[in-house]
Amino acid sequence: MGGLTAGIGFNVMHDGGHGSFSTKKIWNKIAAFSVNALGASAIMWNTKHNIIHHTYTNIDGIDDDIEIRPMLRMCSTQKKYWIHKYQHIYVWFLYTQLLIIWVFATDYTKYFKQKVGSVPLKKMSTFDHFAFWIAKIAYYGAMIVLPIFMVGFVKWLIGFLIIAMVAGLVLSVVFQLAHTVEETAFPMPTGDANKIENEWAIHQIQTTANFAPKNKLISWLVGGLNFQIEHHLFPKISHIHYPAISKIVKQTCEEFGVKYIEYRRMRHAIVSHAMHLKKMGRA
Ligand SMILES: [Zn+2]
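The numbers in the sequence shown follow my numbering, run straight up by one, and end at 270.
And the structure:
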């Protein structure tokens, strides 16, 4: 069930949020709301992912995906603590906790501060406030209250922890492999105008990596998120087209001398993520 929860996140919710699940707006909205099956808020996800992460990819201080301070140091501009020396070891346990922290804590921090990190949320309508609370209550009802009532507290706790930890680990690893590996860049704005030196498309390619492009099973399970370069360039196109698009993108990168970061196998990307964290913990 943990794996399925992550699968819904990758294949239904993520596409729905980007408007690439269907040509009909209503189906995209419904698909986007499946984030509630993960226990997370659709409104917070939309701001965190579609707006902030996709626009300010890997920019320290803005991109919420690399904001796991103080537990993890994701790039060299973040402050280093002695514990980071071991971050490549404890990171895997931390990832198992991320969904739980997200569902029970960070969604509320964002809600009450009306901010995702340093970026203010778009003003929430009355409907948004209702949607936020109804989704939370429904999730707690279905995933906590009802199962405790049916099987008792201890059995529920064991089951819930397994589901949430597996889902958290799978979600975190797949999303992290796209941007925090050895070869991806972490550009900082320069000059008074706070500008990013490269144009948007090049910035996206330099901060993003693909993995296991030939593995159809992985592509299917992770909803095309192993083709993150294509996803970041064309987030509104359905992920089923990414393998075909990737050939064109790769060729264009070659033509213009832009490095296209790709790991042939998923395990290579996982090792590279660990190596990146090891480097950040020591450098
Ligand atoms: Zn996305």
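Glycine included, C-beta positions come from ideal geometry on N, C-alpha and C.
Indicate whether the contact test is met: 3 or more Cβ pairs, each with one atom in the region -1 to 12 and one in the region 169 to 176, closer than 8 angstroms. no
Per DSSP, cross-strand counterpart(s) of residue 64: DSSP lists no partner for residue 64.
Using only the alpha-carbon positions, how far apart do residue 202 and residue 161 sit? One C-alpha to the other measures close to 14 angstroms.
Spatial neighbours of residue 270 in its chain, beta-carbon cut-off 7 angstroms, leaving aside the 5 residues before and after: 63
Using 7 angstroms as the threshold, is the C-beta distance between residue 22 and residue 14 below it? no
Kindly say whether residue 167, judged by its beta-carbon, lies nearer than 7 angstroms to any beta-carbon of chain D. Absent from the structure: chain D. Only one protein chain is present.
I'd like to check one pair, residue 4 with residue -7: are the Cβ atoms closer than 7 angstroms? no
Which same chain residues end up closer than 7 angstroms to residue 188 when comparing Cβ atoms and leaving out the 5 residues on each side of it in sequence? 220
Any alpha helix (DSSP H) of 4 or more consecutive residues that is wholly inside the region 100 to 130: 113 to 127
Bridge partners - residue 182, DSSP secondary structure assignment: 177
Where does the unbroken alpha helix (DSSP H) through residue 3 begin, and where does it stop? 1 to 5
Count the other C-beta atoms from every protein chain shown that fall within 10 angstroms of the C-beta of residue -4, then say buried if there are 16 or more, exposed otherwise. buried
So, residue -11 versus residue 154, is the Cβ gap smaller than 7 angstroms? yes
Spatial neighbours of residue 265 within its chain, please: C-beta separation below 7 angstroms, excluding the five flanking residues on both sides. Sequence-distant Cβ neighbours of residue 265 in its own chain, meaning closer than 7 angstroms and more than five residues away, are 75.
To test your reading of the DSSP string, which unbroken alpha helix (DSSP H) runs of 4 or more residues are found completely within the region 23 to 77? If we require 4 residues or more, the alpha helix (DSSP H) runs fully inside the region 23 to 77 come out as 29 to 32.
Should the region 139 to 149 be called in touch with the region 34 to 51, which here means at least 3 C-beta pairs below 8 angstroms? Output reads no: the region 34 to 51 does not touch the region 139 to 149.
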